[in-house]
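Number of protein chains: 2
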Amino acid sequence: MIEQLQRLPGVGPKTAQRLALHILKRSPEEVEALAQALIEAKKQVGLCKVCFHLSAEPVCEICRNSNRDNSTLCVVEDSRDVIALEKTREYRGKYHVLGGVISPMDGIGPDQLHIQPLVRRVSQQKIKEVILAISPSVEGETTTLYVGQLLKPFTRVTRIAFGLPMGGDLEYADEVTLARALEGRRELD
Amino acid sequence: MIEQLQRLPGVGPKTAQRLALHILKRSPEEVEALAQALIEAKKQVGLCKVCFHLSAEPVCEICRNSNRDNSTLCVVEDSRDVIALEKTREYRGKYHVLGGVISPMDGIGPDQLHIQPLVRRVSQQKIKEVILAISPSVEGETTTLYVGQLLKPFTRVTRIAFGLPMGGDLEYADEVTLARALEGRRELD
């Protein structure tokens, strides 16, 4: 059990042992309930066939929500990013989850990601804007540029802003962030 | 001595004691040299009379540098920000150090800052752009808007970008930063 638990992200040998000891103290019914919950969740949750966000239904809740703006797509790496963006309550459009970023070092090329379905969505539907919200790592930048080139013939393509995080002090920002903040400056309203 | 050392930023009782014990182990000459260095630095370093950056000369090195672009001013809170921005090697204009931000709670109004000299500089010289590089705290925002309003009649006023810091992962960004990154999105080149 400890060996299995250790495979979870952020769980080292010590935490795995603590979890295991906790589980062994529960009643057989409780342990059964936990185990069933894992199996059921894995059985029921798949990927939305439209946007590839995690979903218990064939099409996810966000894609089915008719109150959301169908003409704006936000492209992200994975489902965690959808959850993070939803928490801001600022975005009212739809999403497209790539399932990762292009990373030749890890053997991930464009074909391993949900890029083709994205191009199909954008070329076949009336999309006014695609917002690329991909992390600014080397692989993320490559992916942003690659996807951007593919989509530009069909629609307006934007990317999220990079710069000083809110509450961040100028002097604690790293040099690259400061340079980007300076470069990305905008007219004061 | 411990009491005095504790007044330094980031020095608590324990660090103060460690510093004090270290100083007591030095030779009298070494201690004298350190004490003199403090007195001398305080005596010699004042504020540049043009930009209010720390300077041993009446006018600082940056203001005297004729290779720098005279028509762009970057407005910052304090000298630490000048040092941080200089490290990026991206900015070739001049600076103006406000000496803080407007903070009614701490009794700091516009008159306690170097805002009047800034308005004079901008109104009397040929400044093409003023970049406001002030931290995005509540006080910082107030200061940015206040200074911006004063300068707009004379020149173009911009502010640095706020958004995702470089290397930062989308899912680790706080909600306000993500919302700003989304709001501040720009056309993909």
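Chain order of the listed sequences is A and L.
Take the first sequence: its position 92, counting from 1, is numbered 92 in UniProt numbering, and each next residue is one higher.
Take the second sequence: its position 38, counting from 1, is numbered 38 in UniProt numbering, and each next residue is one higher.
Ideal Cβ placement from N, Cα and C applies to all residues, glycine included.
- Under DSSP, F52 (chain A) takes part in no beta bridge, so it has no partner.
- In this chain, the beta strand (DSSP E) harbouring L73 (chain L) covers 72 to 76.
- Chain L has no Cβ within less than 8 Å of the Cβ of R92 (chain A).
- Rounded to whole angstroms, the gap between the alpha carbons of L170 (chain A) and R159 (chain L) is 13 Å.
- Taking 8 Å as the CB threshold, F162 (chain L) lines the interface with chain A.
- With respect to chain L, the C-beta atom of V75 (chain A) has no partner C-beta closer than 8 Å.
- DSSP places K94 (chain L) in the uninterrupted beta strand (DSSP E) bounded by 94 to 97.
- The residues E77, L113, H114, in chain order, have a CB closer than 6 Å to that of L98 (chain A) in the same chain once the five nearest residues on each side in sequence are set aside.
- When only Cα atoms are considered, P153 (chain A) and V130 (chain A) end up about 12 Å apart.
- Counting the other Cβ atoms within 10 Å of the Cβ of M166 (chain L) gives 16 or more, which makes it buried.
- Residue pairing by DSSP puts L47 (chain L) in a beta bridge opposite L:L54.
- The Cβ of K128 (chain L) sits no closer than 8 Å to any Cβ of chain A.
- Cβ atoms of F162 (chain L) and L164 (chain A) come within 8 Å of each other, at about 5 Å.
- Counting along the chain, L151 (chain A) sits inside the alpha helix (DSSP H) bounded by residues 138 to 151.
- The beta carbon of V176 (chain A) sits closer than 8 Å to some beta carbon of chain L.
- Contact between the region 44 to 60 of chain A and the region 89 to 105 of chain A is present, with at least three C-beta pairs closer than 8 Å.
- Scanning chain A for C-beta atoms nearer than 8 Å to the C-beta of L85 (chain L) yields L170, L178, L182, reported in chain order.
- The contact set of S123 (chain L) on chain A, defined by CB atoms closer than 9 Å, is empty, because the minimum CB distance reaches about 17 Å.
- Remark: C-beta atoms of I134 (chain L) and V101 (chain L) approach each other more closely than 8 Å.
- Within 7 Å of the CB of M166 (chain L), the CB atoms of chain A belong to P136, F162, D174, V176, T177, R180, in sequence order along the chain.
- Interface annotation, D81 (chain A): in contact with chain L, CB-CB separation under 8 Å.
- Cβ-Cβ distances below 7 Å link Y146 (chain L) to I102, P110 in the same chain, with the five nearest sequence neighbours on each side left out; the list follows chain order.
- Residue state for V31 (chain A) is assigned as helix, using DSSP reduced to three classes.
- Take Q44 (chain A), set aside five residues on each side of it, and the residues of its chain with a beta-carbon closer than 6 Å to its own are A56, in chain order.
- Look at S135 (chain A) here: in three-state DSSP terms it is coil, with no helix or strand label.
- A distance below 6 Å between beta-carbons, with the five flanking residues on each side excluded, links T142 (chain A) to the following residues of its chain, in chain order: I102.
- Around L118 (chain A), the same chain offers H96 as residues with beta carbons nearer than 6 Å, after the five sequence neighbours per side are excluded.
- Interface annotation, I131 (chain A): in contact with chain L, CB-CB separation under 8 Å.
- For E139 (chain L), the closest Cβ of chain A is not nearer than 8 Å.
- Residues of the same chain with a CB within less than 7 Å of the CB of K42 (chain L), apart from the 5 flanking positions on each side, do not exist.
- Note: I108 (chain L) is bridge-paired with L:S103 in the DSSP secondary-structure output.
- Comparing C-alpha distances from V75 (chain L) to each of L:L24, L:I127, L:V31 shows the shortest one belongs to L:I127.
- A contact between stretches requires three or more CB pairs, one per stretch, nearer than 8 Å, and the region 80 to 94 of chain A meets this requirement with the region 170 to 180 of chain L.
- In this structure L19 (chain L) touches L5 (chain L) by the C-beta definition: roughly 5 Å separates them, less than 8 Å.
- When 9 Å is used as the limit between beta carbons, R186 (chain A) is near these residues of chain L: T158, R159, I160, A161, G184, R186, in chain order.
- Contact of G148 (chain L) with chain A is assigned, a C-beta pair being separated by under 8 Å.
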